[in-house]
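Letter by letter, the sequence shown follows residues 2 to 434 in our numbering. In what follows, a single structure is set out as structure tokens and then discussed.
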Amino acid sequence: ILFTLCLRIEFYIDSMPLRSKKKAAKAKAAAAAEAKKKANEKEIKTKNKSEQETLQEKLESRPTAKHLESKGIAKASETSGKVSSNLVPVQKKLEKKLSADHIDRKIRERPEAEELTKQGILPTIDVAASLQQTAQTLERNIKKDAVKAGIENRPDEKELTSKGIQHASVAKVAPALQSVAKTLQHELNKNQVSHLLEGRPEKSQLQNQGVLQNDKIAEKLQGTAKTLEMKMKKDQVGHLLENRPKVEQLEKANIHPGFTVSPNLQGRRKSLERALNQDAVKKGLDHRPPVAELKKSGIMKSNQAVAPSLQAKSIELENRIKRNNLQRKLSARSDPAELLAQGIIKPVGRGENDEDEDEEEMVAPSTSRRSRFAVALKGAAQLEALGWISAEAKGKLKDLILMEDKRVMAAVEVFELDHEVEELLDTFSRIVT
Numbered sequence: 002i003l004f005t006l007c008l009r010i011e012f013y014i015d016s017m018p019l020r021s022k023k024k025a026a027k028a029k030a031a032a033a034a035e036a037k038k039k040a041n042e043k044e045i046k047t048k049n050k051s052e053q054e055t056l057q058e059k060l061e062s063r064p065t066a067k068h069l070e071s072k073g074i075a076k077a078s079e080t081s082g083k084v085s086s087n088l089v090p091v092q093k094k095l096e097k098k099l100s101a102d103h104i105d106r107k108i109r110e111r112p113e114a115e116e117l118t119k120q121g122i123l124p125t126i127d128v129a130a131s132l133q134q135t136a137q138t139l140e141r142n143i144k145k146d147a148v149k150a151g152i153e154n155r156p157d158e159k160e161l162t163s164k165g166i167q168h169a170s171v172a173k174v175a176p177a178l179q180s181v182a183k184t185l186q187h188e189l190n191k192n193q194v195s196h197l198l199e200g201r202p203e204k205s206q207l208q209n210q211g212v213l214q215n216d217k218i219a220e221k222l223q224g225t226a227k228t229l230e231m232k233m234k235k236d237q238v239g240h241l242l243e244n245r246p247k248v249e250q251l252e253k254a255n256i257h258p259g260f261t262v263s264p265n266l267q268g269r270r271k272s273l274e275r276a277l278n279q280d281a282v283k284k285g286l287d288h289r290p291p292v293a294e295l296k297k298s299g300i301m302k303s304n305q306a307v308a309p310s311l312q313a314k315s316i317e318l319e320n321r322i323k324r325n326n327l328q329r330k331l332s333a334r335s336d337p338a339e340l341l342a343q344g345i346i347k348p349v350g351r352g353e354n355d356e357d358e359d360e361e362e363m364v365a366p367s368t369s370r371r372s373r374f375a376v377a378l379k380g381a382a383q384l385e386a387l388g389w390i391s392a393e394a395k396g397k398l399k400d401l402i403l404m405e406d407k408r409v410m411a412a413v414e415v416f417e418l419d420h421e422v423e424e425l426l427d428t429f430s431r432i433v434t
């Protein structure tokens with residue numbers, strides 16, 4: 002036992018350096034692993050810190066909600082700030098459902114394929130599927146030929162400049178000033194457009210004229226109303242086409258040029274006719290009478306105290322003053338009964354033995370009465386033709402004429418004295434309105 006104990010003690014003493022070496026190696030490896038771990042943690046922290054800094058910079062530099070709403074990127078919610086954060090998903094779902102319902106309603110109200118084909122939106126090619134491409138190429142070639150023919154017959158640059166379609170002011174400017182001239186022209190156009198927008202009609206007026214649709218119709222019936230209106234217009238156009246005059250009548254009235262010239266020469270013919278008309282107008286202007294002669298003959302009225310730009314308004318005011326004076330005198334004149342009582346007008350008597358004289362006395366008033374009726378009815382028709390009154394106003398004026406209204410008959414009597422057509426028409430329009 003003592004011997005074995007001595008051997009074990011000797012073995013333990015011999016193995017002590019190896020154990021210390023192993024412990025030192027393990028401690029060194031643990032220290033290296035710890036240092037590597039700390040380095041990795043430090044690197045991860047720096048990386049996270051840089052990512053956080055970049056994210057913070059991006060968040061600070063992002064546009065605001067108002068900026069996105071002004072550009073149309075984000076939709077402005079009517080209940081923004083009024084809904085709690087818990088109800089935001091529910092609000093989004095409701096908005097999606099509303100948009101889906103709106104799209105479904107629009108899809109139900111969209112026109113059918115036949116209607117789109119009639120309107121020219123969808124192609125009307127009744128060809129087999131294998132020949133669709135060939136038909137489209139043929140149609141494209143036909144359009145190309147039509148465009149080519151239109152380009153060949155297009156007017157010259159001088160003609161466009163004379164009509165005011167092409168501006169010659171920019172072409173006469175030096176190349177260095179072309180951009181400045183264009184910008185100035187653009188600004189002038191802007192000012193003109195803004196002036197026109199200020200004077201444009203209101204929405205109610207456009208609805209009365211039929212330009213805009215009436216808001217009183219429900220959205221579901223808008224499509225049906227459009228189709229009905231389109232059908233009515235088609236029927237009206239078809240009726241007008243059936244009753245339109247023939248080409249021979251239009252040629253006699255100088256409305257249609259006729260088919261005596263080929264289509265390729267129509268543009269040249271129009272330019273020649275325009276040149277002839279310009280020469281005729283120039284000759285007429287050269288041989289027109291002077292202003293002094295027109296003033297002597299009473300055709301032109303001149304007022305030296307008024308500027309030339311205000312002559313038309315001055316004449317219009319004078320005519321209005323005359324009409325007002327005449328209206329005042331007519332309204333203030335005495336009745337026939339008062340004139341008979343004062344002895345100014347004598348009553349027409351009837352004799353027992355002078356039947357011929359009585360017949361002559363009855364014929365004259367009836368003839369003058371018919372002529373006055375004719376004058377009044379012609380005046381009503383002329384007012385409607387000139388666009389001064391509507392058809393409804395014309396009907397009212399006819400009723401007044403047939404009822405022998407005092408104002409209408411007085412205006413006709415004044416016309417028989419002075420033969421002023423404008424004053425008669427103006428009086429009629431005032432009576433109706």
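All C-beta atoms, glycine included, are put in the ideal place defined by N, C-alpha and C.
Through-space distance from residue j to residue i, alpha-carbon basis
i: SER391; j: PRO202; result: 20 Å
i: LEU123; j: ALA114; result: 7 Å
i: GLN57; j: LYS50; result: 10 Å
i: ARG321; j: ASP427; result: 9 Å
i: GLU423; j: THR118; result: 52 Å
i: LYS271; j: LYS227; result: 40 Å
i: SER310; j: LYS297; result: 21 Å
i: SER315; j: HIS420; result: 22 Å
i: GLU252; j: SER263; result: 16 Å
i: GLU317; j: LEU242; result: 41 Å
i: HIS103; j: GLN120; result: 25 Å
i: LYS144; j: ARG245; result: 29 Å
i: LEU189; j: GLU158; result: 23 Å
i: ALA36; j: LEU95; result: 57 Å
i: THR162; j: PRO156; result: 10 Å
i: VAL349; j: GLU339; result: Unreliable placement is indicated for VAL349, whose pLDDT of 48 sits below 50; the coordinate value is still reported in the next sentence. Going from the Cα of VAL349 to the Cα of GLU339 covers about 16 Å.
i: GLY151; j: LEU277; result: 24 Å
i: VAL89; j: LEU69; result: 19 Å
i: SER71; j: LYS107; result: 27 Å
i: ALA136; j: ASP236; result: 32 Å
i: GLU11; j: LYS24; result: 21 Å
Close-in-space but distant-in-sequence residues of the same chain around residue i (CB under 8 Å, 5 per side omitted)
i: VAL409; result: ALA377, LEU398, LEU401, ILE402, PHE429, ILE432
i: ASN265; result: ALA150, GLU153, ASN154
Top-ranked residue by Cα proximity to residue i, from the options
i: ARG329; options: ALA412, ILE256, ALA276, LYS271; result: ALA412
i: GLU416; options: LEU327, SER332, LYS235; result: Inspection of the sequence shows that residue 416 is occupied by Phe rather than by Glu. With distances taken between Cα atoms, PHE416 lies closest to LEU327.
i: ARG334; options: ASP287, TRP389, LEU95, LYS407; result: LYS407
i: ARG371; options: GLU339, LEU88, GLU414; result: GLU414
Contact under 8 Å by Cβ, residue i with residue j
i: LEU331; j: GLY380; result: no
i: LYS204; j: LEU213; result: yes
i: ASN154; j: GLN267; result: yes
i: GLY224; j: GLU110; result: yes
i: LYS395; j: GLU385; result: yes
i: ARG257; j: VAL248; result: Note that residue 257 corresponds to His in the displayed sequence, not to Arg. It is a contact, given that the beta carbons lie within the stated cut-off.
Other residues of its chain near residue i: CB distance less than 6 Å, five sequence neighbours each side excluded
i: ASP280; result: none
i: ALA177; result: none
i: VAL364; result: Its pLDDT being 36, under 50, VAL364 is placed unreliably by the model, and the measurement read from it follows with that caveat. Contacts found: none.
Residues of its chain near residue i, where Cβ-Cβ distance is below 7 Å and the 5 sequence neighbours each way are ignored
i: GLU44; result: none
i: LEU418; result: none
i: LYS191; result: none
i: GLU160; result: SER272
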